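> Residue 138 in the numbering used here sits at position 93 of the sequence shown, and the numbers go up by one each step.
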Amino acid sequence: MENKSEMIKLRIEKDKKKTWKRICLKKQISLTRLIIDSVEDRLLENERRQVLTFIEKQDNVFAKIENNINQVARITNSQKFISEKELRYFSEKLTEIEKLKKEQNMLFTKIYSMLAK
Numbered sequence: 046m047e048n049k050s051e052m053i054k055l056r057i058e059k060d061k062k063k064t065w066k067r068i069c070l071k072k073q074i075s076l077t078r079l080i081i082d083s084v085e086d087r088l089l090e091n092e093r094r095q096v097l098t099f100i101e102k103q104d105n106v107f108a109k110i111e112n113n114i115n116q117v118a119r120i121t122n123s124q125k126f127i128s129e130k131e132l133r134y135f136s137e138k139l140t141e142i143e144k145l146k147k148e149q150n151m152l153f154t155k156i157y158s159m160l161a162k
């Protein structure tokens, strides 16, 4: 961790400070963090937490989808048959999932680069 020995004093209106404090309270961050992240054009800490929560939820959604795919495969293997219509539908859904996963990965790459700032 960096040694933070320097101090900057700001003069602002009392109402402005109250507004900033409310923002900090709402976002659960310090006033210092709000100012530094804003000046350096970084994601605020609460936004960072929201993004990570979103990523975790997305991962859970795809885990459920993968589980459903495995269930279909088990049923098909046990019956040794799947109709052409069902196979076509299943293939379409797999293609759709593959497309969504690629889009998600591109978004995650962008998000991670933003988080790294």
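For each residue, glycine too, the CB sits at the ideal point set by N, CA and C.
This one's a predicted model, so the numbers in the text were calculated from it and none came from an experiment.
1. When the Cα atoms are used, what is the spatial distance from F153 to V106?
2. Determine, using beta-carbon pairs with one atom in the stretch 123-137 and one in the stretch 74-83, whether at least three such pairs fall under 8 Å.
3. Using 8 Å as the cut-off, can you tell me whether the stretch 111-128 makes contact with the stretch 49-58, which would need three or more C-beta pairs spanning the two stretches below that distance?
4. Which of helix, strand or coil does DSSP assign to I81?
5. Quick one: what does DSSP say F161 is sitting in, helix, strand or coil?
6. Give me, in chain order, the residues of the same chain whose beta-carbon lies closer than 8 Å to that of I68; leave out the 5 immediate sequence neighbours on both sides.
7. Looking at the structure shown, is F126 part of a helix, part of a strand, or coil, going by DSSP?
8. On a Cα-Cα basis, can you pick out the residue from A118, E51 and E90 that is closest to M159?
9. For T121, which residues of its own chain have a beta-carbon under 6 Å away from its beta-carbon, when the five flanking residues on both sides are left out?
10. Once you ignore the five residues that flank N112 on each side, which residues in its own chain have a CB closer than 8 Å to its CB?
11. How about I110 and I142: do their beta carbons lie closer than 7 Å?
Once the coordinates are examined:
1. Cα to Cα, F153 sits roughly 15 Å from V106.
2. Verdict: no, contact absent.
3. No contact exists between the stretch 111-128 and the stretch 49-58.
4. The three-state reading of DSSP puts I81 in helix, counting H, G and I together.
5. The residue you asked about is not Phe; residue 161 is Ala in the sequence shown. DSSP, read as helix, strand or coil, puts A161 in coil.
6. Closer than 8 Å at Cβ, skipping near neighbours: L79.
7. DSSP places F126 in coil when its eight states are reduced to three.
8. Ranking the options by Cα distance to M159, first place goes to E90.
9. Correct list, in chain order: I127.
10. Around N112: no qualifying Cβ.
11. Yes, they are a contact pair.
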